[in-house]
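**Q**
Residue numbers (our numbering): 314 to 623.
Spelled out as structure tokens, the structure:
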């Protein structure tokens with residue numbers, strides 16, 4: 314188990330400028346308010362970037378969902394442990410907490426998945442935050458020892474609507490009681506073809522990014538239109554036809570050039586999802602923060618360069 318100290322979390326992606334990614338143009342698909350850091354990180358290593366948010370972080374649903382969330386927030390001081398699964402969960406969760414609790418209740422264990430999430434939680438809540446050392450997934454947290462003593466404990470999980478149940482199931486198996494704080498929704502961004510062409514500006518991406526199964530699905534759905542917007546018809550024509558047996562659906566066939574590009578993802582789970590969707594080169598960055606994504610592409614670019622010398 315690792316604990317976040319009272320110091321700012323530094324990203325080594327903002328080291329002095331280099332040209333290690335000078336031959337790459339990276340499609341950055343994070344939500345709008347999370348684009349700047351990753352774009353800056355890639356560009357500091359010489360890459361061009363294309364900003365195309367695929368998901369929008371929106372307020373949670375109204376109605377009964379909102380009533381359930383309100384009840385849980387009013388009972389916040391009755392929880393033994395609160396877990397934040399992402400930086401989005403921290404931002405939206407802390408904003409929701411502050412509507413009901415001007416001062417964060419004392420005596421609650423705060424846990425986060427991944428170092429970036431932990432650092433943000435520590436900064437906004439001004440408390441100690443536990444995190445699985447070297448882990449960036451629910452599975453890593455469950456196997457880390459951080460959540461070993463949960464029998465009879467009440468645990469709250471801050472997340473977006475419709476997330477996975479792996480963490481909750483693991484906690485219940487250990488005797489804990491779980492409540493969800495679903496503090497935001499992920500909405501798929503919709504683009505007209507004119508908007509896509511304006512975003513692409515004739516650029517041809519050489520590497521892609523995605524952070525979740527939802528963003529992968531959105532990327533795959535947009536692939537044929539992105540391809541057209543990039544003006545990359547020559548590369549399509551130059552590639553041999555893939556047999557029908559190799560193309561599970563029409564979208565995958567039309568998206569062949571994008572499917573063959575390096576795709577940087579934050580975890581092995583998302584990598585496996587990408588492979589299942591037909592992406593050929595998903596690369597597990599071992600984290601969702603900017604420095605992890607840049608390191609993964611720099612490492613891959615080095616291998617590509619070395620391969621060219623053979």
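A virtual CB, placed ideally from N, CA and C, is assigned to each residue, including glycine.
Need the endpoints of the beta strand (DSSP E) that residue 288 sits in, please.
**A** Residue 288 lies beyond the range of the chain shown here (314 to 623); nothing can be said about it.
**Q** Report all residues from its chain with a CB closer than 7 Å to the CB of residue 499; omit the five preceding and five following residues, and keep chain order.
**A** Within the same chain, residue 499 has close Cβ partners 368, 370, 473, 527.
**Q** Expressed to the nearest angstrom, what Euclidean distance is found between the alpha-carbon atoms of residue 550 and residue 347?
**A** Annotation note: pLDDT 29 at residue 550 (below 50); position unreliable, no value reported.
**Q** Quick one: measure Cβ to Cβ for residue 444 and residue 396, integer angstroms, because I've assumed they're closer than 8 Å.
**A** The Cβ separation is near 10 Å, so there is no contact.
**Q** When you compare the segment 388-402 with the segment 451-469, are there three or more beta-carbon pairs, one atom per stretch, that lie closer than 8 Å?
**A** Yes, they touch.
**Q** Got a sec? Which residues, its chain only, sit under 8 Å from residue 553 by beta carbon, not counting five neighbours each side?
**A** Bear in mind that the predicted position of residue 553 carries a pLDDT of just 34, short of 50, making it too unreliable to give a figure here.
**Q** Comparing alpha-carbon positions, which option in 400, 405, 398 lies nearest residue 497?
**A** Ranking 400, 405, 398 by Cα distance to residue 497 puts 405 first.
**Q** Could you say which of 590, 504, 543, 487 lies nearest to residue 514 if we only look at CA atoms?
**A** Taking only the C-alpha atoms, the option nearest residue 514 is 543.
**Q** Return the CA-CA distance between residue 446 and residue 423, expressed in angstroms with no decimal places.
**A** Rounded to whole angstroms, residue 446 to residue 423 spans 15 Å at the Cα level.
**Q** Give the C-beta separation of residue 602 and residue 428 to the nearest angstrom, bearing in mind that I take them to be a contact with Cβ-Cβ under 8 Å.
**A** The pair is a contact, with the Cβ atoms about 7 Å apart (cut-off 8 Å).
**Q** Count the CB pairs spanning the segment 341-355 and the segment 522-536 that are closer than 8 Å, and state whether there are at least three.
**A** Because the criterion of three Cβ pairs below 8 Å is met, the segment 341-355 and the segment 522-536 touch.
**Q** Can you tell me whether residue 583 is helix, strand or coil according to DSSP?
**A** Reduced to three states, the DSSP call for residue 583 is helix.
**Q** Rounded to whole angstroms, how far is the Cβ of residue 389 from the Cβ of residue 410, which I believe are closer than 8 Å?
**A** Indeed they touch by this definition, with Cβ atoms about 7 Å apart.
**Q** From 491, 337, 478, pick the residue whose C-alpha is nearest to that of residue 357; which is it?
**A** Checking every option, the nearest Cα to that of residue 357 belongs to 337.
**Q** Could you have a look at residue 592 and say whether DSSP puts it in helix, strand or coil?
**A** Residue 592 falls in the coil class under three-state DSSP.
**Q** Mapping the DSSP letters down to three states, classify residue 482 as helix, strand or coil.
**A** Residue state, collapsed to three classes: helix.
**Q** Assuming residue 604 and residue 494 form a contact by the criterion Cβ under 8 Å, report the distance between their Cβ atoms to the nearest whole angstrom.
**A** About 28 Å; that fails the 8 Å criterion.
**Q** Would you mind stating whether residue 342 and residue 365 have Cβ atoms separated by less than 8 Å?
**A** A contact, by the Cβ cut-off of 8 Å.
**Q** So residue 489 is in the alpha helix (DSSP H); what residue range does that whole segment cover?
**A** First-last for residue 489: undefined, no H or E at that position.
**Q** Check for me: the alpha helix (DSSP H) holding residue 517 runs from which residue to which?
**A** Unbroken run through residue 517: none, as it is neither H nor E.
**Q** Which partner residues of residue 338 appear in the DSSP bridge assignment?
**A** In the DSSP output, where bridge partners are listed per residue, residue 338 has 361.
**Q** DSSP state of residue 570, grouped into three classes?
**A** Reduced to three states, the DSSP call for residue 570 is helix.
**Q** Should residue 435 go down as buried or exposed, given a rule of 16 or more other Cβ atoms within 10 Å for buried?
**A** Label assigned to residue 435: buried.
**Q** Would the segment 477-489 and the segment 502-516 be scored as touching if the rule is three or more Cβ pairs under 8 Å?
**A** The segment 477-489 is not in contact with the segment 502-516.
**Q** What's the gap between the Cα of residue 459 and the Cα of residue 433?
**A** Distance between the alpha carbons of residue 459 and residue 433: 19 Å.
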